[in-house]
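Asker: Structure incoming, see below.
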Amino acid sequence: MASGLRVAALCALLLCAFAAAAVVYAVLLLSVSASPCAFSSMSRTLLAVTGLDSYIVPCADVEASAGELLSSNDGGDAKTITTGGRPIVTDVLCGKPNLPPNALPPYHCCPPVPASEPVDFKLPDPSEPLRTRRPARAAGSGAEEQHMAKYERAIALMKALPRSDPRSFFQQANVHCAYCTGAYRQAGYPGLPVQIHFSWLFFPYHRAYLYFFERIAGKLLGDPGFALPFWSWDVPEGMRMPLAFANASSPLYDPLRNANHVPHKLVDLDFMGAEKNYTDEQQIVHNLRIMYKQMISSASLASLFLGQPYRAGESDKPGAGTMEVYPHNTLHVWSGDISHPNNEDMGDNYSAGRDPLFYVHHANVDRLWEAWRHIRNNSFHVDFTDPDWLDSSFLFYDEEARLVRITVRDILDIEKLRYAYDGVDLPWLNARPPITPNVNLRNGGTSPGFIRFPIYLNMALTTEVRRPHVLHNLPKKMIQDEVLVVEHIETDGTSIVKFDVFVNAREYEKVNPSGREMAGSFVCMKHNDNDDNLISKGVNTTMRLALDEILEDLGAKEDATVTVSLVPRHGKVKIGGLRIDYIVGE
1 MASGLRVAAL
11 CALLLCAFAA
21 AAVVYAVLLL
31 SVSASPCAFS
41 SMSRTLLAVT
51 GLDSYIVPCA
61 DVEASAGELL
71 SSNDGGDAKT
81 ITTGGRPIVT
91 DVLCGKPNLP
101 PNALPPYHCC
111 PPVPASEPVD
121 FKLPDPSEPL
131 RTRRPARAAG
141 SGAEEQHMAK
151 YERAIALMKA
161 LPRSDPRSFF
171 QQANVHCAYC
181 TGAYRQAGYP
191 GLPVQIHFSW
201 LFFPYHRAYL
211 YFFERIAGKL
221 LGDPGFALPF
231 WSWDVPEGMR
241 MPLAFANASS
251 PLYDPLRNAN
261 HVPHKLVDLD
271 FMGAEKNYTD
281 EQQIVHNLRI
291 MYKQMISSAS
301 LASLFLGQPY
311 RAGESDKPGA
321 GTMEVYPHNT
331 LHVWSGDISH
341 PNNEDMGDNY
351 SAGRDPLFYV
361 HHANVDRLWE
371 AWRHIRNNSF
381 HVDFTDPDWL
391 DSSFLFYDEE
401 ARLVRITVRD
411 ILDIEKLRYA
421 YDGVDLPWLN
431 ARPPITPNVN
441 LRNGGTSPGF
451 IRFPIYLNMA
461 LTTEVRRPHV
471 LHNLPKKMIQ
481 DEVLVVEHIE
491 TDGTSIVKFD
501 VFVNAREYEK
511 VNPSGREMAG
521 SFVCMKHNDN
531 DDNLISKGVN
541 TTMRLALDEI
551 LEDLGAKEDA
561 TVTVSLVPRH
571 GKVKIGGLRI
581 DYIVGE
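Heads up: the sequence shown at position 314 corresponds to 314 in the UniProt record's numbering, and the numbers run straight through without jumps.
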């Protein structure tokens, strides 16, 4: 009798399950038949409950007849658009870092264990003095030299603190190590690190890092108006390492720097180990053209300049913005000691924060974020509005040695953070690269054809990439950018990698690295993800290069294909594919 009842109950349960499945199926069919976009909105909750939410596709107001429609405001690739609720949250727990072979001590970079739960960040009082960051140049004015002297004193005071003090230079230098080596994990995803490179977290993370570093320095100095200097390597008068960093008796000195790049040497924003035989004038022109590309022609939208979306539960490194790839990365490599296997200190993420040069370098990167927002009153130079970006959070110790949780939305207004940048001219605004004369597109009329990917980039390759149809009838408030996507760029993370990308230049060897046909470069520092507990290993990322201005200058706007050349310069790398897409931004 009992057995019969159990069988009957099981049959009833199965019948209910089939009925529920039929209802779900009917709802889905109804949603799709009514409208694909109605499917996305009407059935999202139901699909989430049934585990089928991964099949939701985004809908656009315009139809893309070819290629993918990408939205900058939604935060990048249409295949990963979400409605919020998945910000990266840094877990309080900090573990063992993944350091490279032959790493230099210390071998642990987690901060002191907090005595209590982190407090939420609060903006400083509006009555606080506005801290003005001024340039640190090789030959600065009297005011700039005084500014540098304060920074030198602040570093000395931080170095004098006990190593156990989270405000000490020892601990502050380790902050970058902890966030760049997998020591910090995503809350709720212990197998996934928090990585603050190769994504839209790059700019806001480093801004927050400098904010607390600056306030700690001001507290130790007893000067609430103290501001960090910035190394203005993007303008001619700042293209040499500031003199104060070369004094071996100064707390600003770091012996682990490239001895060939002492202050008299102009920076090379395209540096990757080999010195160029340029005159100073040629180097300055070269640097300014690189800045134009990275700040103007290749950075028209947030997803191109700030980087690609990176949400909770996802592996890291979805794609860096223009400024992070270079000159940010190349300046790190240029500054580090090439006689060491890991190019310490500046040349490797785990050790970069140990050099006081790091903080003035990143102050300039932060300044360029502000400059990008205001370039020529460009209405498309706006930050993301995606809540997953705005609500992502990091942990830092403040000037009172309290652990603070700060979100991206907390640090978007520098006036509310009570700091500003001293005015510096932007000569690279007018440094649009020229077309290289006598460079053949098709080498006597022969087509390079198409290449089967994936492929290891052991030698230069040239291929044709088809262009999708232009999206018509877009609202006037929207911009449409054509981008070359170099996808699934894979390295093992054990060496520095660089390759260049040329457009419509079969004879790429004739093109200067800052020439018009040079669409961009991929530059990757070491990323040592060798922990077996980590889901992601090495580097697997994607690069996006804007094409509109290049094709316009080359007279190729109406061509059906684009000739692309990938030229390896350093390290081993695998390329998953090439395609051309449109990004639509508002």
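Glycine included, every Cβ here is placed at the ideal spot set by N, Cα and C.
Run the CB neighbour count on F450, radius 10 Å, all protein chains shown included, and call it buried at 16 or more, exposed below.
Answerer: exposed
Asker: Can you tell which of V194, E464 and K557 has the C-alpha that lies nearest to the C-alpha of C94?
Answerer: The option with the nearest alpha carbon to C94 is V194.
Asker: In terms of alpha-carbon separation, which member of M323, A401 and L403 lies closest to A371?
Answerer: M323
Asker: Give the range of the beta strand (DSSP E) segment to which P193 is assigned.
Answerer: Y189 to P193
Asker: Does the beta-carbon distance from S393 to R402 come in below 8 Å?
Answerer: 8 Å or more divides the Cβ of S393 from the Cβ of R402.
Asker: Return the first residue and the last residue of the alpha helix (DSSP H) that D553 is part of.
Answerer: D548 to D553
Asker: Can you list the beta strand (DSSP E) stretches of 3 or more residues lying completely in the segment 290-332, in chain order?
Answerer: none
Asker: Round the Cβ separation of W369 and F203 to the nearest angstrom and send it over; I've been treating them as touching at under 8 Å.
Answerer: 5 Å
Asker: In whole angstroms, give me the CA-to-CA distance for C524 and L256.
Answerer: Straight across, the Cα-Cα distance linking C524 with L256 is about 20 Å.
Asker: Along the chain, where does the alpha helix (DSSP H) that runs through M158 open and close?
Answerer: G142 to A160
Asker: Is it buried or exposed, T462, if we count other Cβ atoms within 10 angstroms and call 16 or more buried?
Answerer: buried
Asker: Out of curiosity, what's the CA-to-CA distance linking S514 and H264?
Answerer: 23 Å
Asker: Leaving out the 5 sequence neighbours to the left and right, which residues in its chain are closer than 7 Å to I414 when beta-carbon positions are compared?
Answerer: E370 and A420
Asker: Whole angstroms are fine: how far does the CA of R207 sit from the CA of R579?
Answerer: 33 Å
Asker: Report all residues from its chain with a CB closer than 8 Å to the CB of P129; omit the five preceding and five following residues, and keep chain order.
Answerer: Cβ neighbours of P129 beyond the five flanking positions: P224, G225 and R418.
Asker: Using C-beta distances below 6 Å, list every residue in its chain close to E507, excluding the 5 sequence neighbours before and after it, in chain order.
Answerer: V439 and N440
Asker: Do the segment 150-159 and the segment 328-339 meet, that is, are 3 or more Cβ pairs less than 8 Å apart?
Answerer: no
Asker: Considering Cα atoms alone, identify which of A302, A115, P114 and L161 is closest to L220.
Answerer: L161
Asker: What residues match up with L130 in a beta bridge as DSSP calls it?
Answerer: Per DSSP, none; premise fails for L130.
Asker: By the 10 Å Cβ neighbour count, where 16 or more other Cβ atoms means buried, how is T279 classified, buried or exposed?
Answerer: exposed
Asker: Check whether the segment 179-187 and the segment 93-108 are in contact - that is, three or more C-beta pairs closer than 8 Å.
Answerer: Touching, yes.
Asker: Using CA coordinates, which residue listed in A352, L99 and L288 is at the minimum distance from G238?
Answerer: L288
Asker: Measuring straight from C-alpha to C-alpha, what distance separates R167 and T561?
Answerer: 55 Å
Asker: Would you call the CB atoms of R137 and P251 closer than 8 Å?
Answerer: no
Asker: Grab me the residues of A66's own chain with a C-beta within less than 6 Å of its C-beta, minus the 5 sequence neighbours each way, in chain order.
Answerer: Because the pLDDT of A66 is 31, which lies under 50, any placement of that residue in the model is unreliable, and the question is left without a value.
Asker: Rounded to the nearest angstrom, what separates D125 and Y189 at their Cα positions?
Answerer: Whole-angstrom Cα-Cα distance: 36 Å.
Asker: Is it the case that the Cβ atoms of Y292 and P433 are separated by a distance below 8 Å?
Answerer: yes
Asker: Look at P448 and T563 and say whether their C-beta atoms are less than 8 Å apart.
Answerer: yes
Asker: Taking P100 and D268 to be in contact with their CB atoms under 8 Å, please state how far apart those CB atoms are, rounded to whole angstroms.
Answerer: No, P100 and D268 are not in contact; Cβ-Cβ is about 24 Å, not under 8 Å.
Asker: To the nearest angstrom, how far is it from the Cα of A431 to the Cα of A299?
Answerer: Within the model, the alpha-carbon separation for A431 versus A299 is close to 15 Å.
Asker: Near W428, what residues of its chain come up, given a Cβ to Cβ distance below 6 Å and the 5 sequence neighbours on each side ignored?
Answerer: L288, M291 and Y292
Asker: Tell me, to the nearest whole angstrom, how far the beta carbon of A178 is from that of P111; I am working on the premise that it is less than 8 Å.
Answerer: 7 Å
Asker: In whole angstroms, what separates the C-alpha of M459 from that of G577?
Answerer: 16 Å
Asker: Which word fits Y211, buried or exposed, when buried means at least 16 other C-beta atoms lie within 10 angstroms of its C-beta?
Answerer: When all chains shown are included, Y211 counts as buried.
Asker: Do you know offhand how far R131's Cα is from D398's?
Answerer: 17 Å
Asker: Mapping DSSP to helix, strand and coil, what is C180?
Answerer: C180: helix per DSSP, three-state reduction.
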